[in-house]
Every structure is written in structure tokens, then in C-alpha cells.
Amino acid sequence: MRAYSGATVDDRWREQLALLGAEAWWEDDDEHPGAWCEREGVDHAAYVAAALELVHLLEYLPRLPRMGPPPGTSSAADAPGRPTPSASAASREVGQRTLGRVRALLAKAESTEFPEEAEALSARAQELMARHSIDHALLAAETGDTGGPAGRRIPVDNPYDAPKAVLLTVVAEANRCRAVWHRELGFATVLGFPADLAAVEMLFTSLLVQATAAMVHAGPRRDARGRSRTRSFRHAFLNAYAARIGERLREAANRAAAGAGGKDLLPVLAARDRAVDHAVDTMFPNLAKGRAGSVSNYEGWVAGRAAADLATLNGRLEVTGAFHRS
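Numbers in this note's numbering are just positions in the sequence shown, counted from 1, shifted up by 806.
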């Protein structure tokens, strides 16, 4: 990466490398084998074995659609989802501040032990994200911003990867994005406009944390003969959780769209929906829709729906006053 000028490297490459903690810690590429062996405390045979394993892995990976310009080819004009010159630097700075505040609220909502406090924090986060996303869409329409949909790849890990993929799908759809699951690779491609993609990633991560905590708290399950029913319970739990979260998000999405922007907002959102659908059709022309797996544990299903009703929806849609508990 250091061989390319910074101006020709898309920001997403740097962001992903930073998240991985990847950096060029060696001085000269020719010296990398020796430096790596010294750092890892192994001999050159281990280096060769690791390199061959990597080459073998890369050779058998399927070809994936390109999400953006390769390093060395990026420019401000062709980066998908990047603001045009008409979008001011001040607007982008406000957007980053908003996302920072939402992340802080999200973290507090996940860590508090008091449901009422979590709901209040969540409602504020929803309000901020809804305002940010809708304002961004209207501003783009007013200024003629031609930036189109972008994409992100979000991990969907085992165990219980199928219901986790369903959860990501309902979160994406509620935020006017589309998710395509690559089960054999352990991730999903999510396509949408940048502000909405940020909401999807934050909300999915938060809901998954809450679901996992509630599922583990429920403990193991056994039938009358003492046989373990934990796996079927948790599979049903997460499927029910995703289904109920989808219902809540759709209700909140309808309220948010109806309460902001009036008639002026509807054609803007419809145009964005068409743009995202076109991006999906272009990137995945042979896309096949799958069906969710069957559920055999009624207790897990009931527990999952109950947990979803208690979950805080830390994303872009306002849910203030919508889900009161007696």
C-alpha cells in the first residue's frame, strides 16, 4: 500500500487496514522474510509454508465483485458514494459528529443494566440517525449530488450464521439497503447509500451483541430425557429475534418516513430505492433468494421474540414512545 500515492488510495482501504491493525512494520520489502521470521521466532521453512498456504487460499477463493477502485486508481470523481464538490466540508464534519454521538449512545445503551435507561438512550440515537439520514438524502437531492450507492462487507460468523444473516437482512432493508449473504465466505455484501450503510453496520452490531447476551443468559436447555436441546433452542431464539426485530424496524421506518419531509421526501427515497436495487442487479445478476431454515424449538422462539421486544434499536429510525412496557 505504501507504494501508492495517498491521493490515489480510496479511504475504505485505509479504514479496513486500520481496523485489522495492518501496517508496514518492516523497512524494505526484500528484507521481509528475514524480518518476519525474526519477529515470529520461526525459521525460513515456516515462512515458506505460510506463504504457500496463503497462495493456495487465494487461488481457490471465488471471484467477488469489486466494491471500489483498487489502490493506485482512486480519484475524488469516481469513488462511489463520495460527496461531490457541491457537498460542503462543514456538512461532512457535522455527519461525522452525529455518528460519533450515536456510537456513544449505542455503547451506553448496551452496557446499562436498566431497561428504561437503555430505551431513552436508544430513542435519542434513533432520532439522531433518522435526522442525519433523511437530511443527507434531501441535501443530496437539492444540491444535485450524483453520488450513488456504495457497499460494505460485514462478517456473518458461525455458529448460527443463518439466523444472523436474517437479522442483517431485516436491518439492511429497514435502512433502505440490501444484503447479499455469501455463506461459504462468512460475510454479507450490503449495498446502499453511505449514511445508511453506517446505520446498518452500527445497528446490526448492537442488536447482535444484545441477542447474544440474552441468549447466553437464558442458559442451556435439556429435554425430559436429559438430552441437550441448547442448539435447537438458540437457533429458534435467534430466528425469532430476527423476525420480531424486522417487524419493529418496519413499523419504525414507516413512522420516520411519514413524519419527516412530507411529500418532498417520498420521491427522493423512492429514487434512492431504485438506485440501490439497480446496484444489486448490476453486481449480482444471477442472485437467487433463499428461504429461512425451519424452527423446531417453540420455547426458543418465544424467548427470542421476547428478547427482541426488549432490544434497543440503536440505528437510524426513531422509536420514541412506540414500545412501552407495562
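All C-beta atoms in this analysis are idealised placements derived from N, C-alpha and C, irrespective of residue type, glycine included.
(1) Whole angstroms are fine: how far does the CA of S811 sit from the CA of K970?
(2) Tell me which residues share the same chain as T1011 and place their Cβ nearer than 8 Å to its Cβ, disregarding the 5 neighbours each side in the sequence.
(3) Short check: CB of H1041 to CB of G992, under 8 Å?
(4) Please confirm if the region 1012–1032 is in contact with the region 1069–1089, defined as three or more CB-CB distances below 8 Å between the two stretches.
(5) May I have the straight-line CA-CA distance separating A968 from W831, to the nearest angstrom?
(6) Using the C-alpha atoms, what's the distance from S917 back to P891?
(7) Report buried or exposed for L1003, applying the criterion of at least 16 other Cβ atoms within 10 angstroms of its Cβ.
(8) Quick one: is R808 buried, meaning 16 or more other Cβ sit within 10 Å of its Cβ, or exposed?
(9) I'd like to know whether the C-beta atoms of A946 and G953 end up nearer to each other than 8 Å.
(10) Who does L974 pair with in a DSSP beta bridge?
(11) Roughly how many whole angstroms lie between the Cα atoms of R1028 and A1046?
(12) In this structure, does DSSP put T995 in helix, strand or coil?
(13) In the DSSP assignment, find the unbroken beta strand (DSSP E) run with W987 in it and report its ends.
(14) Helix, strand or coil: how does DSSP classify G1032 here?
(15) Buried or exposed for R1033, going by 16 or more other Cβ atoms inside 10 Å?
(16) Can you give me the C-alpha to C-alpha distance between T995 and L1116, rounded to a whole angstrom?
(17) Classify Q1016: buried if its beta carbon has 16 or more other beta carbons within 10 angstroms, exposed otherwise.
(18) CA-CA distance, P1073 and A956?
(19) Return yes when the C-beta of A1059 is under 7 Å from any heavy atom of the ligand MG, and no when it is not.
(20) Any idea what DSSP makes of P965, helix, strand or coil?
(21) Our contact map puts L1075 next to A943 with C-beta atoms below 8 Å; I'd like the distance itself, whole angstroms only.
(22) Measure the Cβ-Cβ separation of V977 and L997 and say whether it is below 8 Å.
(23) For L756, I'd like the list of residues in its chain whose CB is within less than 7 Å of its CB, leaving aside the five on either flank, ordered along the chain.
(24) Thinking C-beta only, is A1114 closer than 8 Å to R757?
Result, derived from the coordinates:
(1) 39 Å
(2) none
(3) no
(4) no
(5) 38 Å
(6) Unreliable positioning characterises P891 in this predicted model, as indicated by a pLDDT of 40, which lies under 50. A coordinate reading is not provided.
(7) buried
(8) exposed
(9) yes
(10) In DSSP, L974 forms no bridge with anything.
(11) 20 Å
(12) strand
(13) R984 to H988
(14) coil
(15) exposed
(16) 28 Å
(17) buried
(18) 20 Å
(19) The ligand MG is not part of this structure, which contains no ligands at all.
(20) coil
(21) 7 Å
(22) no
(23) The shown model of the chain, from 807 to 1132, leaves out residue 756, and the question about it has no answer.
(24) Here the chain has residues from 807 to 1132 only, and residue 757 is not among them.
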